[in-house]
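Below: one structure, written as C-alpha coordinates.
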Amino acid sequence: MARESLKKIRERTKEIVRILREHYPGARTSLDYQTVHQLLVATILSQQNTDKGVNAVTPALFQKYPTIAAFANADLQELMVDLRSINYGPTKARAIIESSRQILDEFGGEIPRTIDKLVRLRGVGRKTASVVLGNGYGIAEGVVVDTHVIRVSGRLGLTAHKDPVKIERDLMGTLPQTDWIDWTHMIILHGRAICTARRPDCPECPLQRVCPSAFDFPHLRR
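Using the working numbering, you'd call the opening residue of the sequence shown number 1 and step up by one each time.
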(Lines of atoms letter the chains of each structure in order from A; the text may use other names.)
(Lines give C-alpha, C1' and ligand atoms only; values in the text may rest on other atoms or scores of the structure.)
Protein backbone atom coordinates (compact mmCIF):
# COMPACT_ATOMS: atom_id res chain seq x y z
CA MET A 1 0.00 0.00 0.00
CA ALA A 2 2.88 2.35 0.74
CA ARG A 3 4.13 2.09 -2.87
CA GLU A 4 0.74 2.84 -4.38
CA SER A 5 -0.23 6.48 -4.80
CA LEU A 6 -3.50 7.72 -3.38
CA LYS A 7 -4.66 8.45 -6.92
CA LYS A 8 -4.09 4.85 -7.97
CA ILE A 9 -5.73 3.53 -4.81
CA ARG A 10 -8.80 5.62 -5.56
CA GLU A 11 -8.88 4.41 -9.17
CA ARG A 12 -8.59 0.79 -8.02
CA THR A 13 -11.24 1.35 -5.36
CA LYS A 14 -13.62 2.70 -7.99
CA GLU A 15 -13.18 -0.53 -9.95
CA ILE A 16 -13.65 -2.61 -6.79
CA VAL A 17 -16.93 -0.83 -6.08
CA ARG A 18 -18.09 -1.35 -9.67
CA ILE A 19 -17.42 -5.09 -9.45
CA LEU A 20 -19.04 -5.42 -6.04
CA ARG A 21 -22.17 -3.62 -7.24
CA GLU A 22 -22.37 -6.02 -10.16
CA HIS A 23 -22.10 -9.09 -7.93
CA TYR A 24 -24.11 -7.87 -4.94
CA PRO A 25 -26.91 -5.70 -6.33
CA GLY A 26 -29.26 -4.25 -3.76
CA ALA A 27 -26.97 -5.12 -0.84
CA ARG A 28 -28.49 -3.93 2.45
CA THR A 29 -28.37 -4.60 6.15
CA SER A 30 -29.61 -8.04 7.17
CA LEU A 31 -31.27 -6.64 10.30
CA ASP A 32 -35.07 -6.61 10.17
CA TYR A 33 -36.82 -3.37 11.16
CA GLN A 34 -39.67 -1.06 10.15
CA THR A 35 -38.81 2.19 11.94
CA VAL A 36 -35.58 4.03 12.62
CA HIS A 37 -35.95 3.36 16.33
CA GLN A 38 -36.39 -0.34 15.67
CA LEU A 39 -33.20 -0.18 13.62
CA LEU A 40 -31.45 1.51 16.54
CA VAL A 41 -32.63 -1.17 18.97
CA ALA A 42 -31.68 -3.99 16.59
CA THR A 43 -28.24 -2.48 16.04
CA ILE A 44 -27.62 -2.16 19.77
CA LEU A 45 -28.61 -5.82 20.13
CA SER A 46 -26.35 -6.86 17.25
CA GLN A 47 -23.20 -5.85 19.13
CA GLN A 48 -21.46 -9.16 20.00
CA ASN A 49 -24.41 -11.02 18.45
CA THR A 50 -25.26 -12.30 14.97
CA ASP A 51 -27.88 -10.55 12.87
CA LYS A 52 -29.67 -13.89 12.57
CA GLY A 53 -29.87 -14.17 16.34
CA VAL A 54 -31.15 -10.61 16.65
CA ASN A 55 -33.78 -11.15 13.95
CA ALA A 56 -35.06 -14.17 15.87
CA VAL A 57 -35.81 -11.95 18.88
CA THR A 58 -36.98 -8.63 17.46
CA PRO A 59 -40.38 -9.56 15.93
CA ALA A 60 -41.85 -10.42 19.32
CA LEU A 61 -39.88 -7.61 20.96
CA PHE A 62 -41.20 -4.93 18.59
CA GLN A 63 -44.74 -6.25 18.95
CA LYS A 64 -44.49 -6.04 22.73
CA TYR A 65 -42.80 -2.62 22.68
CA PRO A 66 -44.20 -0.88 19.56
CA THR A 67 -43.05 2.67 20.34
CA ILE A 68 -40.11 4.59 21.78
CA ALA A 69 -42.24 5.36 24.84
CA ALA A 70 -43.01 1.67 25.32
CA PHE A 71 -39.29 0.89 25.49
CA ALA A 72 -38.65 3.91 27.72
CA ASN A 73 -41.27 2.68 30.19
CA ALA A 74 -40.32 -0.98 30.01
CA ASP A 75 -39.62 -2.89 33.20
CA LEU A 76 -35.89 -3.62 33.26
CA GLN A 77 -36.19 -7.12 34.70
CA GLU A 78 -38.89 -8.05 32.19
CA LEU A 79 -36.87 -6.70 29.27
CA MET A 80 -33.88 -8.68 30.48
CA VAL A 81 -36.02 -11.83 30.24
CA ASP A 82 -37.11 -10.81 26.75
CA LEU A 83 -33.43 -10.58 25.77
CA ARG A 84 -32.28 -13.74 27.52
CA SER A 85 -31.01 -15.27 24.26
CA ILE A 86 -28.94 -12.17 23.44
CA ASN A 87 -25.32 -11.92 24.55
CA TYR A 88 -24.95 -9.23 27.23
CA GLY A 89 -28.74 -9.03 27.40
CA PRO A 90 -28.88 -7.19 30.76
CA THR A 91 -26.48 -4.52 29.52
CA LYS A 92 -28.44 -4.17 26.28
CA ALA A 93 -31.72 -3.93 28.17
CA ARG A 94 -30.42 -1.03 30.25
CA ALA A 95 -29.04 0.70 27.15
CA ILE A 96 -32.31 0.36 25.23
CA ILE A 97 -34.43 1.73 28.07
CA GLU A 98 -32.05 4.60 28.85
CA SER A 99 -31.48 5.56 25.20
CA SER A 100 -35.24 5.55 24.60
CA ARG A 101 -35.71 7.91 27.54
CA GLN A 102 -32.96 10.16 26.19
CA ILE A 103 -34.64 10.28 22.79
CA LEU A 104 -37.88 11.40 24.42
CA ASP A 105 -36.35 13.81 26.94
CA GLU A 106 -33.43 15.29 24.99
CA PHE A 107 -34.45 14.98 21.36
CA GLY A 108 -38.22 15.43 21.42
CA GLY A 109 -38.90 11.85 20.41
CA GLU A 110 -36.88 12.10 17.18
CA ILE A 111 -33.89 9.89 16.46
CA PRO A 112 -30.90 12.24 15.96
CA ARG A 113 -29.53 12.64 12.45
CA THR A 114 -25.84 13.20 13.22
CA ILE A 115 -23.16 10.96 14.66
CA ASP A 116 -22.25 13.50 17.34
CA LYS A 117 -25.80 13.47 18.72
CA LEU A 118 -26.39 9.75 18.31
CA VAL A 119 -23.32 8.79 20.30
CA ARG A 120 -24.75 10.70 23.25
CA LEU A 121 -27.32 7.91 23.56
CA ARG A 122 -26.49 5.10 25.94
CA GLY A 123 -25.20 2.02 24.17
CA VAL A 124 -24.47 3.88 20.94
CA GLY A 125 -20.94 4.19 19.57
CA ARG A 126 -19.76 5.53 16.25
CA LYS A 127 -20.35 2.23 14.44
CA THR A 128 -23.94 1.94 15.65
CA ALA A 129 -24.55 5.60 14.85
CA SER A 130 -23.29 5.14 11.28
CA VAL A 131 -25.52 2.08 10.83
CA VAL A 132 -28.57 4.06 11.93
CA LEU A 133 -27.75 7.10 9.81
CA GLY A 134 -26.94 5.10 6.70
CA ASN A 135 -29.77 2.59 6.81
CA GLY A 136 -32.39 4.65 8.58
CA TYR A 137 -31.89 8.03 6.93
CA GLY A 138 -29.60 7.42 3.97
CA ILE A 139 -27.07 9.78 5.52
CA ALA A 140 -23.40 8.94 4.85
CA GLU A 141 -21.49 10.54 7.70
CA GLY A 142 -19.09 7.65 8.24
CA VAL A 143 -18.17 4.13 7.12
CA VAL A 144 -19.33 1.22 9.26
CA VAL A 145 -16.30 -0.92 10.10
CA ASP A 146 -17.07 -4.45 11.26
CA THR A 147 -14.92 -7.60 11.25
CA HIS A 148 -15.58 -8.28 7.54
CA VAL A 149 -14.69 -4.71 6.58
CA ILE A 150 -11.51 -4.88 8.65
CA ARG A 151 -10.43 -8.15 7.04
CA VAL A 152 -11.43 -7.56 3.42
CA SER A 153 -10.41 -3.90 3.22
CA GLY A 154 -6.99 -4.90 4.53
CA ARG A 155 -6.61 -7.70 2.01
CA LEU A 156 -7.63 -5.31 -0.75
CA GLY A 157 -4.78 -3.01 0.29
CA LEU A 158 -7.06 -0.12 1.20
CA THR A 159 -5.72 0.15 4.74
CA ALA A 160 -2.71 -1.08 6.68
CA HIS A 161 -4.38 -0.55 10.05
CA LYS A 162 -6.21 -2.88 12.42
CA ASP A 163 -7.85 -0.18 14.50
CA PRO A 164 -11.44 0.47 13.30
CA VAL A 165 -11.14 4.24 13.73
CA LYS A 166 -8.02 4.40 11.55
CA ILE A 167 -9.53 2.00 9.02
CA GLU A 168 -12.62 4.18 8.74
CA ARG A 169 -10.43 7.22 8.20
CA ASP A 170 -8.56 5.44 5.39
CA LEU A 171 -11.78 4.32 3.71
CA MET A 172 -13.36 7.76 3.97
CA GLY A 173 -10.29 9.17 2.23
CA THR A 174 -10.42 6.56 -0.53
CA LEU A 175 -14.10 5.90 -1.22
CA PRO A 176 -16.43 8.51 -2.68
CA GLN A 177 -18.93 9.52 0.01
CA THR A 178 -21.75 8.21 -2.18
CA ASP A 179 -20.33 4.70 -1.69
CA TRP A 180 -19.80 4.81 2.08
CA ILE A 181 -23.12 3.22 3.00
CA ASP A 182 -23.14 0.46 0.37
CA TRP A 183 -19.47 -0.42 0.89
CA THR A 184 -20.11 -2.10 4.23
CA HIS A 185 -23.11 -4.09 2.98
CA MET A 186 -21.27 -5.34 -0.10
CA ILE A 187 -18.09 -6.17 1.79
CA ILE A 188 -20.04 -8.09 4.44
CA LEU A 189 -21.68 -10.21 1.74
CA HIS A 190 -18.34 -10.71 -0.01
CA GLY A 191 -16.63 -11.59 3.26
CA ARG A 192 -19.25 -14.20 4.05
CA ALA A 193 -19.43 -15.71 0.57
CA ILE A 194 -15.86 -15.61 -0.77
CA CYS A 195 -13.26 -13.67 1.23
CA THR A 196 -13.73 -15.67 4.40
CA ALA A 197 -11.40 -15.43 7.37
CA ARG A 198 -9.84 -18.92 7.13
CA ARG A 199 -10.17 -20.02 3.51
CA PRO A 200 -10.73 -17.19 1.04
CA ASP A 201 -11.88 -18.55 -2.31
CA CYS A 202 -9.55 -16.53 -4.54
CA PRO A 203 -10.11 -18.70 -7.66
CA GLU A 204 -13.81 -17.73 -7.59
CA CYS A 205 -13.31 -14.14 -6.47
CA PRO A 206 -14.43 -11.46 -8.94
CA LEU A 207 -11.94 -9.06 -7.34
CA GLN A 208 -8.83 -11.18 -7.88
CA ARG A 209 -7.34 -8.95 -10.59
CA VAL A 210 -7.61 -5.82 -8.40
CA CYS A 211 -6.65 -7.48 -5.12
CA PRO A 212 -2.97 -7.41 -4.06
CA SER A 213 -3.59 -10.37 -1.72
CA ALA A 214 -5.13 -12.67 -4.32
CA PHE A 215 -3.89 -16.27 -3.98
CA ASP A 216 -1.51 -15.22 -1.18
CA PHE A 217 -2.80 -17.84 1.26
CA PRO A 218 -1.27 -21.15 2.37
CA HIS A 219 -4.16 -23.35 1.20
CA LEU A 220 -3.86 -21.88 -2.33
CA ARG A 221 -0.11 -22.19 -2.72
CA ARG A 222 1.30 -25.03 -4.75
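Where is the CB? At the ideal position from N, CA and C, for every residue including glycine.
The structure presented is a predicted model; accordingly, all values stated were derived computationally and were not measured.
- Apart from the 5 residues on each side of it in sequence, Pro164 sits with its Cβ closer than 6 Å to the Cβ of Val145 in its chain, given in chain order.
- The Cβ-Cβ distance between Asp82 and Leu61 falls below 8 Å.
- Per DSSP, the continuous alpha helix (DSSP H) segment holding Asp116 begins and ends at Ile115 to Leu118.
- Of the candidates Ile68, Gly173 and Pro59, Ile68 places its Cα closest to the Cα of Val36.
- When C-alpha distances from Arg199 are compared across Leu121, Ile181, Gln63 and Pro218, the shortest belongs to Pro218.
- A distance below 6 Å between beta-carbons, with the five flanking residues on each side excluded, links Asp179 to the following residues of its chain, in chain order: Val17.
- Under the DSSP assignment, Ala72 falls in the alpha helix (DSSP H) whose first and last residues are Ile68 to Ala72.
- The beta carbon of Gln38 sits closer than 6 Å to those of Phe62, all from its chain and outside the five residues before and after it, given in chain order.
- Apart from the 5 residues on each side of it in sequence, Pro90 sits with its Cβ closer than 7 Å to the Cβ of Met80 in its chain, given in chain order.
- Ala160 and Ile167 have their C-alpha atoms roughly 8 Å apart.
- By a beta-carbon distance limit of 8 Å, Ile9 does not contact Thr128. Their separation comes to about 28 Å.
- Unbroken alpha helix (DSSP H) stretches of 4 residues or longer found wholly inside the region 113-189: 115-118, 126-132, 147-155 and 164-174, given in chain order.
- Your pair Val41 and Ile97 does not check out as a contact, with CB atoms roughly 10 Å apart and the cut at 8 Å.
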